[in-house]
Amino acid sequence: MYMLRFSKMYYLALGLSLLFTGCNFFPEQDIEFGDQDVIITHMVPGTDFGQYQTYTMPDIVLIVKGRDRYDTLDVQNTSVLLSTLANIMQERGFVKVDRDANPDLGLNVAINRFEGLSAVTTPVYMGPGYWGWWGWNPMWYAPVFVTSFVPYEDGTVIMDMVDIKSSNVGGITIPGQNDLKLIWNAWLRGLLVDSENFQNRLTFSVQQAFDQTPGLRRN
Amino acid sequence: MRRHIILAIITLALIQHSNAQINTVYSLEWNPAILTGKKAGEFISAHSTRGFTFNAYAFFTENISVGAGVGFNGFFEKSERQTYQLGDLTVNGVAWRYLLAIPIMINSHYYFMEGSKLRPFAGGHIGVIYTNQELKFTAIEQGENNWNFGFAPEAGALWSISDGLGLRFGLRYNFAFYSPQQFDMGNLGFLSLNAGILFR
Numbered sequence: 001m002y003m004l005r006f007s008k009m010y011y012l013a014l015g016l017s018l019l020f021t022g023c024n025f026f027p028e029q030d031i032e033f034g035d036q037d038v039i040i041t042h043m044v045p046g047t048d049f050g051q052y053q054t055y056t057m058p059d060i061v062l063i064v065k066g067r068d069r070y071d072t073l074d075v076q077n078t079s080v081l082l083s084t085l086a087n088i089m090q091e092r093g094f095v096k097v098d099r100d101a102n103p104d105l106g107l108n109v110a111i112n113r114f115e116g117l118s119a120v121t122t123p124v125y126m127g128p129g130y131w132g133w134w135g136w137n138p139m140w141y142a143p144v145f146v147t148s149f150v151p152y153e154d155g156t157v158i159m160d161m162v163d164i165k166s167s168n169v170g171g172i173t174i175p176g177q178n179d180l181k182l183i184w185n186a187w188l189r190g191l192l193v194d195s196e197n198f199q200n201r202l203t204f205s206v207q208q209a210f211d212q213t214p215g216l217r218r219n
Numbered sequence: 220m221r222r223h224i225i226l227a228i229i230t231l232a233l234i235q236h237s238n239a240q241i242n243t244v245y246s247l248e249w250n251p252a253i254l255t256g257k258k259a260g261e262f263i264s265a266h267s268t269r270g271f272t273f274n275a276y277a278f279f280t281e282n283i284s285v286g287a288g289v290g291f292n293g294f295f296e297k298s299e300r301q302t303y304q305l306g307d308l309t310v311n312g313v314a315w316r317y318l319l320a321i322p323i324m325i326n327s328h329y330y331f332m333e334g335s336k337l338r339p340f341a342g343g344h345i346g347v348i349y350t351n352q353e354l355k356f357t358a359i360e361q362g363e364n365n366w367n368f369g370f371a372p373e374a375g376a377l378w379s380i381s382d383g384l385g386l387r388f389g390l391r392y393n394f395a396f397y398s399p400q401q402f403d404m405g406n407l408g409f410l411s412l413n414a415g416i417l418f419r
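Listed in order, the protein sequences are those of chains A and B.
To convert, note that position 47 of the first sequence is 47 in our numbering; the numbers rise steadily by one, no gaps.
Add 219 to the 1-based position in the second sequence for our numbering, that's all there is to it.
If you want it as structure tokens, here you go:
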């Protein structure tokens with residue numbers, strides 16, 4: 001009888017071991033360096049970028065830390081980011097002009113360091129402060145497009161392209177400014193998780209954002 | 220009226236007889252599985268070692284059991300960096316793909332070689348399969364849950380070790396009429412190899 005009970009316990013233990021081997025409900029995510037970099041882009045359907053010739057871009061990159069708190073990215077990383085963007089835009093046939101030279105497009109870059117913000121609807125507006133660089137209306141909000149939960153604790157580089165040339169493109173109107181429409185934006189998420197190899201990851205992500213939007217070119 | 224009374228007496232007698240014969244045993248099994256179907260394989264090509272089933276079997280005779288059970292199978296794969304179209308969004312990243320299936324089914328089996336320590340069996344399960352399918356990035360995820368009708372034919376063998384203790388092995392094909400909204404998948408099917416203990 002003792003042997004039988006011992007035997008039962010043995011086999012029960014064996015069974016439970018197999019069970020816990022098998023029922024790993026939440027497998028480890030096996031995250032490697034760089035795996036967290038996710039590039040998300042949205043282009044308003046039907047947008048014809050052939051109608052635009054010129055664009056303007058700020059010479060600073062805002063780091064938005066809260067509703068009324070923002071800083072600027074350091075000079076070296078700003079230079080890398082903006083020169084990468086300028087090269088891509090030139091390669092795609094757009095000419096950079098000064099903001100006072102009546103540009104067709106506005107390309108803005110910011111880094112969102114909001115914490116705990118999540119969004120599940122489309123579009124969602126963030127700010128104010130983000131669009132402060134343009135000087136038109138500090139209360140403008142930047143619409144972003146998401147279909148699911150987006151945590152922000154890691155930081156996100158956001159690039160927005162707005163149509164300054166016309167108001168009938170069919171883009172998303174920014175509240176408070178009926179003539180300014182967002183026609184393309186990109187979220188480069190995960191870049192701030194680890195500063196290691198930041199510049200390479202940044203340039204890769206910026207290039208990838210444009211690569212996955214083949215329609216964003218003039219030529 | 221008299222016929223109804225006779226029928227009721229016979230039914231009660233049968234139930235009484237059945238109760239006297241019912242012998243309930245339980246199984247706890249590990250069941251590694253592979254997804255079948257081309258589209259399922261495109262979503263997750265990896266096999267799953269994450270799975271188990273717990274079943275109860277009531278033996279009404281030496282050869283026939285009827286029971287119920289619940290199981291779990293988790294398929295998981297990390298895919299290389301790719302570009303996906305999720306609604307209006309274009310997303311590039313490393314993705315983690317999940318497909319979890321929880322069959323909740325009743326079952327019935329027929330056992331051969333009465334009186335032998337080794338009892339081959341054939342039978343099946345029928346019920347529902349709850350599924351959770353997800354495509355996850357670190358920043359965004361797409362997923363949905365479904366309940367679908369399903370069934371699972373099964374064949375295998377019991378090995379009696381002692382009174383009230385044994386081993387159970389089987390090959391089981393789980394099928395569900397599956398049509399998720401967010402993923403291009405056909406019906407869900409996965410073949411599992413079950414191995415575990417049988418106890419009273």
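Every residue, glycine too, gets a C-beta built ideally from N, C-alpha and C.
Straight-line gap, residue i to residue j (C-alpha atoms, nearest Å)
i: B/A341; j: B/A374; result: 4 Å
i: B/Y329; j: B/R300; result: 49 Å
i: B/F394; j: B/G288; result: 16 Å
i: B/T357; j: B/N282; result: 52 Å
i: A/Q76; j: A/R189; result: 20 Å
i: B/F402; j: B/I321; result: 19 Å
i: A/V38; j: A/Q90; result: 25 Å
i: B/D382; j: B/I359; result: 53 Å
i: A/S79; j: A/F94; result: 19 Å
i: B/R419; j: B/D307; result: 55 Å
i: B/L417; j: B/F388; result: 10 Å
i: A/N200; j: A/G106; result: 25 Å
i: A/A110; j: A/S166; result: 24 Å
i: B/W366; j: B/T350; result: 6 Å
i: B/P399; j: B/Y303; result: 17 Å
i: B/R286; j: B/N274; result: Just to set this straight, residue 286 of chain B is Gly in the shown sequence, not Arg. If you take the alpha carbons of B/G286 and B/N274, they lie about 7 Å apart.
i: A/R218; j: B/N311; result: 23 Å
i: A/F82; j: B/R316; result: Per the sequence shown, residue 82 of chain A should be read as Leu rather than Phe. C-alpha separation (whole angstroms): 35 Å.
Beta-carbon neighbours of residue i, restricted to chain B and to distances below 7 Å
i: A/G215; result: Result: empty, since nearest Cβ-Cβ is about 11 Å, beyond 7 Å.
i: A/Q223; result: Outside the displayed range of chain A (1 to 219) lies residue 223 of chain A, so it cannot be described from this structure.
Host beta strand (DSSP E) of residue i (start-end)
i: B/S298; result: I283 to L305
i: B/K355; result: L337 to K355
i: A/V112; result: Note on identity: in this sequence residue 112 of chain A is Asn, with Val being the wrong assignment. Taken as a continuous stretch (DSSP letters only), the beta strand (DSSP E) holding A/N112 covers L105 to N112.
i: A/N160; result: The sequence as given places Asp at residue 160 of chain A; Asn does not occur at that position. Note, A/D160: beta strand (DSSP E), T156 to D163.
i: A/Q212; result: Looking at the DSSP string, A/Q212 is not in any beta strand (DSSP E), and its letter there is neither H nor E.
i: A/H42; result: V38 to M43
i: B/Y317; result: L308 to Y330
i: B/V244; result: N242 to W249
i: B/F279; result: Segment: none, B/F279 is in no beta strand (DSSP E) and carries neither H nor E.
i: B/A414; result: L407 to F418
i: B/Y392; result: L384 to A395
Residue-chain proximity (residue i, chain A), Cβ-Cβ < 8 Å
i: B/L308; result: yes
i: B/V313; result: yes
i: B/F356; result: yes
i: B/Q235; result: For B/Q235, the predicted structure reports a pLDDT of 48, less than 50, and the residue's modelled location is therefore unreliable. A value from the coordinates is still provided. Chain A contact via Cβ: absent.
i: B/D403; result: no
Host alpha helix (DSSP H) of residue i (start-end)
i: B/G260; result: K257 to F262
i: A/A86; result: V75 to E91
Where residue i meets chain B, residues with beta-carbon distance less than 9 Å
i: A/I40; result: L305, L308, T309, V310, N311, G312, F356, A358 and I359
Partner residues on chain A for residue i, Cβ-Cβ distance less than 9 Å
i: B/T302; result: I39, Q208, D211 and Q212
Proximity test, Cβ basis, 8 Å: residue i and chain B
i: A/G190; result: yes
Anticipated Cβ contact below 8 Å, residue i with residue j, distance rounded
i: A/Y70; j: A/P103; result: About 23 Å; that fails the 8 Å criterion.
i: A/I88; j: A/Q208; result: The pair is not a contact, with the Cβ atoms about 11 Å apart (cut-off 8 Å).
i: B/A252; j: B/F409; result: 5 Å
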